[in-house]
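To convert, take the position in the sequence shown, counting from 1, and add 2; that gives the numbering used here.
Ideal placement from N, C-alpha and C gives every residue a C-beta, glycine not left out.
As the structure is a prediction and not an experimental result, all values here were calculated from the model.
Single-structure report; data block below.
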Amino acid sequence: MIRRKGLGHIKKPYFLLLSWLLILTTVLPLIFLSVIKSWQNYFDSAASQIDMLSEGFNHDITTYLKPLNSQFPAPATCHQTLLVEMQKSDFKAKNLTNFALVQNNQIICTANMGKLPSPMELKSPDWVTDSGVKVILEQAIPEFAGEMTGRTVQEGAFLAFLDYQRRASQTEFPWLKYLVYGLVNDKTAYSYGSGGFELADHAQYRSGQHWYGAGHWLFKSCSKKTNPECKVIAVDIQQYFKSERSVTFILSMLLITVLMLTTIYSARLHAWLYSLPRQVRLGLTPKQITLNYQPIVNMSDLSLSGCEVLCRWTNAQGQLLRPDKFIHLIEKNNQTRELSHLVVTKCIEELASANLLGKHRVAINAFPDDIASGHLLRTLCERLPVKYYSLFTVELTEQQIANLAELQEGVRQLRALGFKVAIDDFGTGFSNLEGLRELSVDTLKIDKSFVWGAESPSLKQSLIEHIVGIAKSMELNIVAEGVETEDQLDYLRQLEVDFSQGYLLSKPLALEDYAAFANRPQKLR
Numbered sequence: 003m004i005r006r007k008g009l010g011h012i013k014k015p016y017f018l019l020l021s022w023l024l025i026l027t028t029v030l031p032l033i034f035l036s037v038i039k040s041w042q043n044y045f046d047s048a049a050s051q052i053d054m055l056s057e058g059f060n061h062d063i064t065t066y067l068k069p070l071n072s073q074f075p076a077p078a079t080c081h082q083t084l085l086v087e088m089q090k091s092d093f094k095a096k097n098l099t100n101f102a103l104v105q106n107n108q109i110i111c112t113a114n115m116g117k118l119p120s121p122m123e124l125k126s127p128d129w130v131t132d133s134g135v136k137v138i139l140e141q142a143i144p145e146f147a148g149e150m151t152g153r154t155v156q157e158g159a160f161l162a163f164l165d166y167q168r169r170a171s172q173t174e175f176p177w178l179k180y181l182v183y184g185l186v187n188d189k190t191a192y193s194y195g196s197g198g199f200e201l202a203d204h205a206q207y208r209s210g211q212h213w214y215g216a217g218h219w220l221f222k223s224c225s226k227k228t229n230p231e232c233k234v235i236a237v238d239i240q241q242y243f244k245s246e247r248s249v250t251f252i253l254s255m256l257l258i259t260v261l262m263l264t265t266i267y268s269a270r271l272h273a274w275l276y277s278l279p280r281q282v283r284l285g286l287t288p289k290q291i292t293l294n295y296q297p298i299v300n301m302s303d304l305s306l307s308g309c310e311v312l313c314r315w316t317n318a319q320g321q322l323l324r325p326d327k328f329i330h331l332i333e334k335n336n337q338t339r340e341l342s343h344l345v346v347t348k349c350i351e352e353l354a355s356a357n358l359l360g361k362h363r364v365a366i367n368a369f370p371d372d373i374a375s376g377h378l379l380r381t382l383c384e385r386l387p388v389k390y391y392s393l394f395t396v397e398l399t400e401q402q403i404a405n406l407a408e409l410q411e412g413v414r415q416l417r418a419l420g421f422k423v424a425i426d427d428f429g430t431g432f433s434n435l436e437g438l439r440e441l442s443v444d445t446l447k448i449d450k451s452f453v454w455g456a457e458s459p460s461l462k463q464s465l466i467e468h469i470v471g472i473a474k475s476m477e478l479n480i481v482a483e484g485v486e487t488e489d490q491l492d493y494l495r496q497l498e499v500d501f502s503q504g505y506l507l508s509k510p511l512a513l514e515d516y517a518a519f520a521n522r523p524q525k526l527r
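Structure, rendered in structure tokens:
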């Protein structure tokens with residue numbers, strides 16, 4: 003028999019929470035990836051702005067600084083013509099300012115001040131570009147008597163200060179920042195940018211790589227040179243969502259919508275997962291099935307005759323369900339063989355473990371199809387010792403019989419091996435008198451719906467008397483179900499009913515309780 007494992011029960015609030023976590027761990031990364039993709043456009047824009055600034059510096063060096071060396075190959079003094087040309091270059095250049103003449107590693111004159119009263123010492127260059135331009139990161143500015151410094155570029159005998167401070171070095175958006183730095187022999191030679199984040203640890207990341215750090219999403223791009231220049235562009239994530247309110251609103255509404263839909267569909271999914279039809283369809287296991295044993299007594303002396311095995315099923319929610327709650331689903335799903343096999347096997351194992359097997363009669367409910375197909379007979383023969391065949395009664399339980407001829411053959415085979423066969427709930431389910439004759443059963447069970455109220459003159463009383471008359475005419479044993487009062491018991495004894503079961507005598511018992519009940523030496527009453 004194939005058993006499929008059912009889904010352990012998860013309470014609805016926890017199921018909803020798990021659904022939220024699953025959706026959030028899926029949706030949030032997708033949202034963030036889409037946001038990062040949109041940030042790439044800003045990265046490209048900032049990179050273009052930085053490149054334009056760098057190109058502006060290079061353009062001014064090539065167009066205005068280098069030509070001065072051609073015009074004045076070896077200037078000895080700061081004559082008027084030289085000063086005028088430096089002033090022209092200063093005026094025309096957009097990214098360089100304060101052009102100056104250098105001699106013997108000293109600034110001797112500038113476009114703004116002319117000849118300096120005292121030459122100003124020039125610091126050693128921090129690095130030299132591939133084209134031979136010397137760069138000083140912190141050179142004293144002559145106009146401020148050396149109290150302020152600036153970055154300089156020097157080509158030959160002429161020098162100029164970078165004028166990026168008065169350039170539009172800030173990005174269009176307050177949350178978008180950048181940093182540019184140059185590497186010489188794998189060491190940072192210079193850096194500039196919009197500010198707002200530190201250069202630390204950027205070297206460990208490759209060009210073209212994205213990463214998160216200190217509340218920023220960063221992107222790095224480096225030129226392919228011996229001494230490369232790198233751009234690090236960063237989005238201040240918190241500032242981005244504060245500034246871009248429309249984006250924040252759209253993403254918030256999207257997230258709320260996703261969570262609302264998750265809540266709705268998770269509730270539906272939970273209801274479907276733990277619906278009774280699905281649980282039954284997933285299969286039955288021994289742990290789900292609980293067997294109770296209701297004593298059946300001889301009406302003549304109220305001694306114990308045996309028991310009826312009653313099946314209860316524990317669903318995923320831990321609820322113990324009676325057969326009328328799930329049997330119709332078992333039949334609908336064609337799982338009757340699975341249940342029959344499970345009940346027969348567990349019943350025999352439990353009775354044997356309690357040393358009760360073979361001491362009293364045992365009645366087991368069975369589906370007509372399982373009897374007709376021979377499945378029940380095979381299961382009984384596989385599990386039960388031959389010497390106990392005559393102590394087992396098979397009770398027909400279904401209201402409709404699909405193929406009476408096949409069922410008749412199945413009953414014949416059971417009885418041929420010594421098993422007894424009973425019609426359960428006669429009058430409410432199987433009530434075809436001709437079919438009853440053809441089946442040749444041993445016992446007729448009167449349904450409890452007829453027993454309740456039959457102690458008083460009524461239609462039920464007439465029906466019971468009629469059923470008892472049929473059974474006696476066919477020489478069948480009679481079992482009355484649902485006996486709950488002394489009056490009912492006395493009335494049934496007057497009708498010479500053979501056996502009875504019901505809460506007056508005993509409720510269905512767990513195995514341990516039934517063992518104690520069966521081992522009592524005295525009669526029940």
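My assumption, with CB atoms under 8 Å, is that residue i sits in contact with residue j. Please give the rounded CB distance.
i: residue 45; j: residue 239; result: Not a contact, Cβ separation roughly 14 Å.
i: residue 173; j: residue 196; result: 6 Å
i: residue 267; j: residue 513; result: Wrong, their Cβ atoms sit about 43 Å apart, outside the cutoff.
i: residue 413; j: residue 393; result: Their Cβ separation, rounded to whole angstroms, is 18 Å, which puts residue 413 and residue 393 out of contact at 8 Å.
Does DSSP put residue i in a helix, in a strand, or in coil?
i: residue 497; result: coil
i: residue 511; result: strand
i: residue 346; result: helix
i: residue 351; result: helix
i: residue 119; result: strand
i: residue 310; result: strand
i: residue 276; result: coil
i: residue 71; result: helix
i: residue 403; result: coil
i: residue 136; result: strand
i: residue 469; result: helix
i: residue 141; result: strand
i: residue 516; result: helix
i: residue 521; result: coil
i: residue 271; result: helix
i: residue 440; result: helix
i: residue 248; result: helix
i: residue 485; result: coil
i: residue 457; result: coil
i: residue 287; result: coil
i: residue 174; result: coil
For residue i, does the count of other Cβ atoms within 10 angstroms reach 16, so buried, or fall short, so exposed?
i: residue 247; result: exposed
i: residue 502; result: buried
i: residue 143; result: buried
i: residue 16; result: exposed
i: residue 88; result: buried
i: residue 184; result: buried
i: residue 274; result: exposed
i: residue 188; result: exposed
i: residue 107; result: exposed
i: residue 360; result: exposed
i: residue 116; result: exposed
i: residue 140; result: exposed
i: residue 464; result: exposed
i: residue 468; result: exposed
Looking at the secondary structure, which residues open and close the beta strand (DSSP E) in which residue i lies?
i: residue 154; result: 151-157
i: residue 215; result: 212-215
i: residue 100; result: 98-105
i: residue 164; result: 160-164
i: residue 451; result: Where residue 451 is concerned, there is no enclosing beta strand (DSSP E), although the alpha helix (DSSP H) it sits in stretches over 450-453.
i: residue 224; result: 218-224
i: residue 422; result: 422-428
i: residue 183; result: 178-186
i: residue 481; result: 479-482
i: residue 397; result: 394-398
i: residue 112; result: 108-112
Which stretch, first to last residue, makes up the alpha helix (DSSP H) that contains residue i?
i: residue 43; result: 14-62
i: residue 292; result: Not the alpha helix (DSSP H): residue 292 falls in the beta strand (DSSP E), residues 291-300.
i: residue 330; result: 325-334
i: residue 243; result: 239-245
i: residue 383; result: 377-385
i: residue 544; result: Because residue 544 is not part of the residues shown, which for the chain are 3 to 527, the question remains open.
Taking three-plus beta-carbon pairs below 8 Å as touching, is the stretch 201-220 in contact with the stretch 71-84? no
Spell out a yes or no on whether the stretch 327-343 and the stretch 260-279 are touching, meaning 3 or more CB-CB pairs, one atom from each, closer than 8 Å. yes
Tell me whether the stretch 358-377 and the stretch 401-418 touch, counting them as touching only if at least three CB pairs, one residue from each stretch, are closer than 8 Å. yes
Do three or more CB pairs link the stretch 454-463 to the stretch 489-501 at distances below 8 Å? Judged by Cβ distances under 8 Å, the stretch 454-463 makes contact with the stretch 489-501, as three or more pairs qualify.
Specify whether the stretch 113-127 and the stretch 176-183 touch according to this definition: at least 3 beta carbon pairs, one from each stretch, less than 8 Å apart. Segments in contact, no.
Decide if the stretch 256-263 is in contact with the stretch 37-53; the criterion is three or more beta carbon pairs, one per stretch, under 8 Å apart. no
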